[in-house]
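See below for the structure under consideration.
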Amino acid sequence: MAPKYDAGRVNVTRRSLTDVWHFLHTYITHSVLYVTMNVTEVNNLTVLFDDINQEFRLQQLPVVIYLILILLVGIPGNSAVCYIFKSQLTERNTKFFLVYLACLDLISCCVCVPFELTDVLLAYTFDSVAACKFFRFLTTWLQGLSGLTLICVAYVRYRKIFKPFKDLERRIRPLCIASAIAALVMAAPALVIFGSRTVKTHIPDVTGKECSTNDNLLHSPVRIVYYTFLLFTFLFSLICFLVFYILIGVYLNRRSKVPLGDGMRKYCGNLRLITSSQDRKGNGIGNQPISPIASNCMCMSMRSRTSQNKETQHLGQLKVKTGRMTVIFLAVTVSFVLSFLPFLIVNILRASEIYFVSSENVHETLIYNLCVRSSYVNSAINPVIYSLLNRGFRKDLAVKIFRMNLK
């Protein structure tokens, strides 16, 4: 017997399938529309932030040009310093400091300055917290290390001039290591203070992200304490620079007024007194390293008047060389102080909310962004100082880099 045809059940089944089809169609349509709207919204936000960043780049064009100039001068300049002085480099040579500082400046130019460029070009869309913390820490460490190294340089120059018999130059590398550790301690708070900060744009209800003080610490006294600590560290360094170089300058000025022959005889007389005193104590000077000047004095007592004149001339050249190196390091120190000072001032003013608080003032923002990156001048200007004040460096630069035949 054939099965009975149930029209009602078939209609119900068809109606159910139709309902399912309408439900799936509606769901898929709404999902596609939702995704499309989200993609469109994201694209619109991307275009919007691109426009905001582009507008900011045009406003901060002097900052971009300034950073590019630092790159163009600092990278080849510091590379040339390392290349030229590497053959003259020993642990007990004062030029060790020149190469050491050049390496620090080269790292700053190759790593930190490109980060600063990225920070300016992506002013409202820099949302990488880890990168922000790392680069701010590295920048602070390099700046602190440069300052502490210059204090070591001033101390070594002072001891070299006032106590030439002390073999201090073998301590140059330990001083550099101690400076690096101290700079790490100084830079450690940067890992906590810096991060992602929410900033307003000129469009209402639209905010961006920048690499700056963390939102959680924006109104915290921690930031003020940190920059106050940097200020006192800077003042301490400045006092050390002034004391050491004023004493060195006074001494060299007095020595320049003494005739070379009289100065040589007086110096050798003092050396004989020191030698005889050490002989009476039973530990003669022969067991200790003898400086070039002391060797010159001993040789003069056994040579003729003609030889004495030659040795006197050699002592004069040695004094001139010492004075020139001191002037070079003094110029490097002055450039460091002048380049670091604007950075410190604007950060203290902003942390204390006295000035540079609003980001809506274009000129105020431009001044802030220039001053907060002023310390990079020191990374590029040192090779220029060497070129102006060191004739040997100029000659080696012409011969080894530019392949010029100087006769």
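According to numbering that gives the first Met the number 0, the sequence shown is numbered sequentially starting from 0. All C-beta atoms in this analysis are idealised placements derived from N, C-alpha and C, irrespective of residue type, glycine included. Only a predicted model underlies this, so the values are computations on that prediction, with no experimental measurement involved.
If you drop the 5 nearest sequence neighbours on each side, which residues of the same chain put their C-beta closer than 8 Å to that of residue i?
{"i": "V128", "result": "G194, S195"}
{"i": "V98", "result": "V80, C81, F84, K85, L88"}
{"i": "V63", "result": "R56, L116, V119, L120"}
{"i": "K399", "result": "Y82, I83"}
{"i": "L388", "result": "R323, V326, I327, A330"}
{"i": "R393", "result": "S386"}
{"i": "L68", "result": "A379"}
Report the residue from the options whose alpha carbon sits nearest the alpha carbon of residue i.
{"i": "N213", "options": "A350, Y385, F231, A379", "result": "A350"}
{"i": "F335", "options": "I380, T364, L365", "result": "I380"}
{"i": "S178", "options": "I202, I192, I150, P188", "result": "I150"}
{"i": "A130", "options": "Q59, Q142, A189", "result": "A189"}
{"i": "G146", "options": "P382, F231, V345", "result": "F231"}
{"i": "A397", "options": "S236, R323, V80, E54", "result": "V80"}
{"i": "F114", "options": "S211, K162, Y226", "result": "S211"}
{"i": "H218", "options": "C370, I353, L60", "result": "I353"}
{"i": "L369", "options": "L47, A182, Y65, I51", "result": "Y65"}
{"i": "V198", "options": "R390, V224, L121, V371", "result": "L121"}
{"i": "I106", "options": "V63, Y123, F243, P75", "result": "P75"}
{"i": "V184", "options": "L174, K159, V63, G143", "result": "G143"}
{"i": "D126", "options": "L246, L97, T206", "result": "T206"}
{"i": "Y123", "options": "V46, V155, P61", "result": "V46"}
{"i": "A182", "options": "W140, R158, Y250", "result": "W140"}
{"i": "C175", "options": "F134, L100, R222", "result": "L100"}
{"i": "F134", "options": "V155, V110, T148", "result": "V110"}
{"i": "I180", "options": "K159, T148, V155", "result": "T148"}
Here's the rule I'm using: 16 or more other beta-carbon atoms within 10 Å means buried, otherwise exposed. How should residue i be labelled?
{"i": "T138", "result": "buried"}
{"i": "R253", "result": "exposed"}
{"i": "I384", "result": "buried"}
{"i": "F136", "result": "buried"}
{"i": "K132", "result": "buried"}
{"i": "A186", "result": "buried"}
{"i": "N77", "result": "buried"}
{"i": "C102", "result": "exposed"}
{"i": "K280", "result": "In this prediction, K280 has a pLDDT of 45, which is less than 50 and means its spatial position is unreliable; what the coordinates show is noted afterwards. By the neighbour-count rule (16 or more Cβ atoms within 10 Å), K280 is not buried but exposed."}
{"i": "D118", "result": "buried"}
{"i": "T332", "result": "buried"}
{"i": "N377", "result": "buried"}
{"i": "K208", "result": "buried"}
{"i": "I327", "result": "buried"}
{"i": "T325", "result": "buried"}
{"i": "Q53", "result": "exposed"}
{"i": "I202", "result": "exposed"}
{"i": "R390", "result": "exposed"}
{"i": "R418", "result": "One cannot answer for residue 418 here, as it falls past the ends of the chain, which runs 0 to 406."}
{"i": "P173", "result": "exposed"}
{"i": "D50", "result": "exposed"}
{"i": "D104", "result": "buried"}
{"i": "F161", "result": "exposed"}
{"i": "F235", "result": "exposed"}
{"i": "V224", "result": "exposed"}
{"i": "V249", "result": "exposed"}
So, at 7 Å on beta carbons, what are the nonlocal neighbours of residue i in its own chain, with the 5 sequence-adjacent residues on each side left out?
{"i": "P220", "result": "none"}
{"i": "L70", "result": "C108, V112"}
{"i": "V345", "result": "F355, Y367, C370, V371"}
{"i": "F342", "result": "C370, V371, S373, S374"}
{"i": "P61", "result": "L365, L369"}
{"i": "C239", "result": "I150, A153"}
{"i": "R304", "result": "Note on R304: pLDDT 46, under 50, position unreliable in the model; no value is reported."}
{"i": "L237", "result": "V336"}
{"i": "F233", "result": "F339, L343"}
{"i": "T200", "result": "I51, Y123, T206, G207"}
{"i": "R222", "result": "I192, T212, L216, A350"}
{"i": "P382", "result": "G76, N77, A79, V80"}
Hey, is residue i close to the ligand SAH, as in C-beta under 7 Å from one of its heavy atoms?
{"i": "P61", "result": "You won't find the ligand SAH in this model; it holds no ligand whatsoever."}
Suppose the cutoff is 6 Å on Cβ atoms and the five residues either side in sequence are ignored; what does the same chain contact list for residue i look like?
{"i": "I171", "result": "F95"}
{"i": "D395", "result": "I83"}
{"i": "I347", "result": "Y226"}
{"i": "L116", "result": "L66"}
{"i": "Q58", "result": "V361"}
{"i": "V72", "result": "A379"}
What is the C-beta distance between residue i and residue j, in whole angstroms, given that I count them as a contact (C-beta under 8 Å)?
{"i": "L216", "j": "I192", "result": "6 Å"}
{"i": "A330", "j": "F243", "result": "With 8 Å as the limit, A330 and F243 do not qualify as a contact, their Cβ atoms being about 15 Å apart."}
{"i": "S374", "j": "F339", "result": "5 Å"}
{"i": "I245", "j": "Y157", "result": "Actually they do not touch by this definition, with Cβ atoms about 10 Å apart."}
Using a Cβ cut-off of 8 Å (strictly closer), state whether residue i contacts chain C.
{"i": "I400", "result": "Among the chains in the structure shown there is no chain C, since it carries only a single protein chain."}
Exercise for review: Give, in chain order, every unbroken run of the alpha helix (DSSP H) that is at least 4 residues long and sits entirely within the region 214-255.
Suggested key: Those alpha helix (DSSP H) runs which fall completely within the region 214-255 and span 4+ residues are 220-255.
Review point. Which runs of the beta strand (DSSP E), 3 residues or longer, sit entirely within the region 151-185?
Key: Counting whole runs of 3 or more residues, the region 151-185 contains no beta strand (DSSP E) stretch at all.
Check your understanding: Can you list, in chain order, the stretches of the alpha helix (DSSP H) that have 4 or more residues and sit fully within the region 322-386?
Key -> Correct list: 361-370.
**Study point:** Every unbroken alpha helix (DSSP H) inside the region 43-108 [4 residues or more]
**Key:** As far as the region 43-108 is concerned, its whole alpha helix (DSSP H) runs of at least 4 residues are 60-84, 94-106.
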